[in-house]
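K.L.:
Count along the sequence shown starting at 1, add 551, and that's the number in this note's numbering. Mind having a look at this structure? Questions to follow.
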Amino acid sequence: MTDPLLTQYHLLSDQRLHFGRLYWQSIAFLFALLIGIAAVSRGMSLIPYSVGLIGCGAITALMGFVADRVRRLEGRYEDLLEAIEIELRQQGHAGIQTAPKSGSLGARFVITMGLYVLGAAIILLGVLEWIAQAS
């Protein structure tokens, strides 16, 4: 019979890896989406350029929110895994090591904040374009 803590650790570790991959996949999807929008709308006059910029900026900022949520979920799983590692050591399991934590202000935080800033900058460009078209 297997130790329930080890089974739980394995399941939580798989979930943490899932959210780690999902973080990068969501950002890759965002850039693929923006490139696709630019390619499809090139030369088309379906919507004004300024509205397209504002929309792309909003999509980017929203994806920053999604990436931030996924990053925080991954951090929660890291905390749960650390608690299990501590419990396993207390039970006398030899060789249990605690994996280093990613930290709250690491590269993923900077990239997530960059998505927010990029989204705001694109929205600002769209608003400036709108003002320029109106005058």
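Glycine is no exception: its CB is placed at the ideal position from the N, C-alpha and C atoms.
Rounded to whole angstroms, what's the CA-CA distance from threonine 663 to tyrosine 600? Just pull it up for me.
P.N.:
So the alpha carbons of these two residues sit roughly 26 Å apart.
K.L.:
Do leucine 679 and threonine 611 have their C-beta atoms within less than 7 Å of each other?
P.N.:
Cβ atoms of leucine 679 and threonine 611: not closer than 7 Å.
K.L.:
Within the chosen definition, does the segment 576 to 586 reach the segment 637 to 653 through at least 3 CB pairs nearer than 8 Å?
P.N.:
The segment 576 to 586 is not in contact with the segment 637 to 653.
K.L.:
Which class does aspartate 554 belong to by DSSP, given the choice of helix, strand or coil?
P.N.:
Of the three classes helix, strand and coil, the one that applies to aspartate 554 here is coil, per DSSP.
K.L.:
Taking the C-alpha atoms as reference points, what is the distance between glycine 657 and glycine 626?
P.N.:
Distance between the alpha carbons of glycine 657 and glycine 626: 12 Å.
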